[in-house]
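There are 2 protein chains.
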Amino acid sequence: MSEPKLLLEAFKETNYQVSGHGKRDIQVLKNALQKVDDKQEGDIYGNGSLIEEFQTKMAKYLGKEKAVFFPSGTMAQQIALRIWCDEKGLKKVAYHPLCHLEIHEEDGLKELHHIQSVLLADKDRLIELADVLNMYEEVACILLELPQREIGGQLPDYETIEKISTYCRDKGIRLHLDGARLFEILPYYEKTAAEICSLFDSVYVSFYKGIGGVAGAILAGDKAFTDESKIWKRRHGGDLISLYPYILSANYYFDENEQKMNQFYQDALELAAFFNSCETVSTIPLIPVSNMFHVHFQASREQVEPILAELYAETSIGLTGYLKEVTQKSCCFEVNVGNQYAILSKEKLKQVFQLLDEKLRKSQV
Amino acid sequence: MSEPKLLLEAFKETNYQVSGHGKRDIQVLKNALQKVDDKQEGDIYGNGSLIEEFQTKMAKYLGKEKAVFFPSGTMAQQIALRIWCDEKGLKKVAYHPLCHLEIHEEDGLKELHHIQSVLLADKDRLIELADVLNMYEEVACILLELPQREIGGQLPDYETIEKISTYCRDKGIRLHLDGARLFEILPYYEKTAAEICSLFDSVYVSFYKGIGGVAGAILAGDKAFTDESKIWKRRHGGDLISLYPYILSANYYFDENEQKMNQFYQDALELAAFFNSCETVSTIPLIPVSNMFHVHFQASREQVEPILAELYAETSIGLTGYLKEVTQKSCCFEVNVGNQYAILSKEKLKQVFQLLDEKLRKSQV
Chain A
10 MSEPKLLLEA FKETNYQVSG HGKRDIQVLK NALQKVDDKQ EGDIYGNGSL IEEFQTKMAK
70 YLGKEKAVFF PSGTMAQQIA LRIWCDEKGL KKVAYHPLCH LEIHEEDGLK ELHHIQSVLL
130 ADKDRLIELA DVLNMYEEVA CILLELPQRE IGGQLPDYET IEKISTYCRD KGIRLHLDGA
190 RLFEILPYYE KTAAEICSLF DSVYVSFYKG IGGVAGAILA GDKAFTDESK IWKRRHGGDL
250 ISLYPYILSA NYYFDENEQK MNQFYQDALE LAAFFNSCET VSTIPLIPVS NMFHVHFQAS
310 REQVEPILAE LYAETSIGLT GYLKEVTQKS CCFEVNVGNQ YAILSKEKLK QVFQLLDEKL
370 RKSQV
Chain B
10 MSEPKLLLEA FKETNYQVSG HGKRDIQVLK NALQKVDDKQ EGDIYGNGSL IEEFQTKMAK
70 YLGKEKAVFF PSGTMAQQIA LRIWCDEKGL KKVAYHPLCH LEIHEEDGLK ELHHIQSVLL
130 ADKDRLIELA DVLNMYEEVA CILLELPQRE IGGQLPDYET IEKISTYCRD KGIRLHLDGA
190 RLFEILPYYE KTAAEICSLF DSVYVSFYKG IGGVAGAILA GDKAFTDESK IWKRRHGGDL
250 ISLYPYILSA NYYFDENEQK MNQFYQDALE LAAFFNSCET VSTIPLIPVS NMFHVHFQAS
310 REQVEPILAE LYAETSIGLT GYLKEVTQKS CCFEVNVGNQ YAILSKEKLK QVFQLLDEKL
370 RKSQV
């Protein structure tokens, strides 16, 4: 029987988890505030040194003229696309079928901005240059998500992005980067954030994924673009009197974790190999290109759940708190490697995967 | 000469300010977190005990079935009006000409929701029953703001609200309460929040005005309404992974300051009388009905600014950091009485106003 709660409970009771930065508890915020002067003034409606200095820092890091702090990526990206559509007088954009805006935002882009989407590529593969060249409709903007999260965090060749960028500039199509996990892909491409962002007209980055902050996002581009984004930020209800709890935590964890992205990537390579060592388990991508990947089981969710729960109880190491059904005979979950992985004993981890492999084999008899 | 910076600087250098709760610095957040268990789990996309318990507490306080926490009132109110417009299939609402949605939100209601506004009353007076009865257009919803902030925080008779409520129910018009300062008006009406809210279909309250939190809002109504508001919250980009910095501070300062609203109101009565004791100064309302009022000078901003700056330097008591030009011969500013007022010596304050009166008289010679 399917007992999703059982798996989550068993996961929560483990002493170690292979994914992430640890629990999202209040300590995360408290740590970020600890060394901040009590008398530091908060930001007021987008103004004040606290928000302005962080925006300047991120604009420089991303190699863009200006950057604006937003409460969420959902808000930042709808606004970016709206600005590019208004510029061209064409309410049409193109992106991957599993783009965040298409599947996770209750159709905000359509319901609030009346922008139509053109879906590039099939949903189980990356957007390639040919998809852009063969696009049958005119659009104001193309959004590329690097890495493509919903298919395990895959990445195109860097040359593909360069060619798409050149094509878009030639054709007067704006190129927007969904860089929710931009920090996480720098080690694989061996590029700076600014180098990658130079291929795009606008870019959004997030501070609660690899960075590990509380929430919040940055939208960057040229000054005309960011000035307009501030007007839309107010319209959306995102121009809060104070955003400093998110800004301070974004800044704190950026300083702490941005430099660890190569470690997270190397750890993801190792962890994915552990998963792939089990006969009926495989990762997508097979060899990760960032700190993330998806783990697929050739067995139903109902079969795998009790096996994992048992494994957690025996080893006190948690692999995932949930499983998503793919077909009736397969299921998957997502891994994002963070600070937790380094805490684990690799010897212990090896045993965990041997045990997992045994249990999975046994269940197939 | 006009030197707005001079006034603000002089204000910031005073030891005491007659308005507000004190500086909006990081201490405000730190105080709210101090007694929260580090291991307390944060909210995740609107779920978790932290957000759910606060929503339940506020629903009960407001006498509504359900309540939803929002990052901002701008977002909450646009969404409330959108839901009522969709329900009726009519994108038209009525409110005061100086409604927050009309003048402070970059036309988000129109630009994002394509909702037209019908302006009730003249901008320098309250909406009365006759304005509603004589409304020439059909609308889906009427928004009442209690108190009407932009005209000094005036309030209609309670009977007027009751009559408007009855009329709206009879005519199938939804009534929404902009309760940004709802807590602040309870002492004047001698009603509970739930009693006032019972006259409305939906209500928004704010946590960083009289309450003194960091940011955040609650939208309350029946379950069908709040369920739909959550979908729109996601569309707006307001369904953050974690809103707990705002929720924890809202809860902390609600517990601390909600009970002090009568004190703030009494203090506002006293402070307004001090202002009115100066010959060329008057408050709107003349006798406050909440913790807020506007102070009007019968002199230009250019005349009053140096007088105030001088007064601050001599007394170290600050009355305002800005002046707004009303006409070429008059200017005004807003007062919101909070915790700062109780700290002040009333004897000292009396001297400050005697000195102000002298300085203003002298400048008119």
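Sequence order for the protein chains is A and B. Going left to right, the first sequence walks through residues 10 to 374 as the working numbering numbers them. Going left to right, the second sequence walks through residues 10 to 374 as the working numbering numbers them. Where a beta carbon is used, it is the ideal one built from N, C-alpha and C, also for glycine.
For Thr336 (chain A), the uninterrupted beta strand (DSSP E) segment begins and ends at Lys333 to Thr336.
In this structure, DSSP gives Glu96 (chain A) a helical state, which the three-state scheme calls helix. Taken in chain order, the whole beta strand (DSSP E) runs of length 3 or more contained in the region 287-346 of chain A are 290-293, 301-306, 333-336 and 339-345. The three-state reading of DSSP puts Asp179 (chain B) in helix, counting H, G and I together. For Ile112 (chain A), not one C-beta of chain B is nearer than 8 Å to its own C-beta.
Nearest to Leu129 (chain B) by alpha-carbon distance, out of B:Val148, B:Lys357, B:Val344 and B:Pro254, is B:Val148. DSSP, read as helix, strand or coil, puts Cys206 (chain A) in helix. CA-CA distance, Ala351 (chain A) to Asp276 (chain A), rounds to 8 Å.
Note that the region 46-60 of chain B does not touch the region 182-202 of chain B; fewer than 3 beta-carbon pairs, one per stretch, sit closer than 8 Å. Runs of the beta strand (DSSP E) spanning 3 or more residues and lying entirely within the region 54-102 of chain A occur at 75-79, in chain order.
For Met84 (chain B), the closest Cβ of chain A is nearer than 8 Å.
In the three-state reduction of the DSSP assignment, Gly117 (chain A) falls in the helix class, which pools H, G and I.
If the five residues before and after Leu138 (chain A) are omitted, its C-beta is found closer than 7 Å to the C-beta atoms of Thr169, Lys172 and Ile173, all from its own chain and listed in chain order.
Annotation for Gln360 (chain A): the continuous alpha helix (DSSP H) segment containing it runs Lys355 to Gln373. Contact check for Gln337 (chain A) and Ser291 (chain A): beta-carbon distance about 18 Å, past the 8 Å limit, so the pair fails to qualify.
Judged by their CB atoms, Asp34 (chain A) and Glu50 (chain B) are nearer to each other than the 8 Å cut-off. For the region 217-248 of chain B, the set of positions with a beta-carbon nearer than 7 Å to some beta-carbon of chain A reads Tyr217, Val223, Ala224, Ile240, Arg243, Arg244, His245, Gly246 and Gly247 in chain order. Less than 8 Å divides the Cβ of Asn260 (chain B) from the Cβ of Phe63 (chain B).
In the structure shown, the three-state DSSP call for Asp133 (chain A) is coil.
Contact of Val346 (chain B) with chain A is not assigned, every C-beta pair being separated by 8 Å or more.
At a cut-off of 8 Å between beta-carbon atoms, Val212 (chain B) makes no contact with chain A. Residue pairing from DSSP places Asp34 (chain A) in a beta bridge opposite B:Glu50.
For Val346 (chain B) against Ser28 (chain B), the beta-carbon gap comes to about 7 Å, under 8 Å, which counts as contact. The closest CA to that of Trp93 (chain A), considering only A:Glu115, A:Cys206, A:Val212 and A:Pro294, is found on A:Val212.
One Cα belongs to Thr83 (chain B), the other to Tyr104 (chain B), and the distance between them is close to 15 Å.
Boundaries of the alpha helix (DSSP H) around Glu279 (chain B): Met270 to Asn285. Linking Glu96 (chain B) to Phe234 (chain B) through their CA atoms gives a straight-line distance of about 10 Å.
Counted as a single uninterrupted DSSP element, the stretch harbouring Glu154 (chain B) is not any alpha helix (DSSP H) but the beta strand (DSSP E) occupying residues Cys150 to Glu154. A distance of 8 Å or more separates the beta carbons of Leu38 (chain A) and Ser251 (chain A). Around Gly51 (chain B), the beta-carbon contacts reaching into chain A at under 7 Å are Arg33, Asp34 and Ile35.
For Tyr213 (chain B), the enclosing beta strand (DSSP E) begins and ends at Ser211 to Ser215. Contact between the region 106-118 of chain B and the region 194-210 of chain B is absent: fewer than 3 CB-CB pairs across the two stretches fall below 8 Å. Under the DSSP assignment, Ile227 (chain B) falls outside any alpha helix (DSSP H), being part of the beta strand (DSSP E) whose first and last residues are Ala226 to Gly230. Distances from the CA of Val45 (chain B) to each of B:Val102, B:Lys119, B:Thr175 and B:Ile256 were compared; the closest alpha carbon is that of B:Ile256. In the three-state reduction of the DSSP assignment, Gln43 (chain A) falls in the coil class. Boundaries cannot be given for Leu107 (chain A), as no alpha helix (DSSP H) includes it and DSSP labels it neither H nor E.
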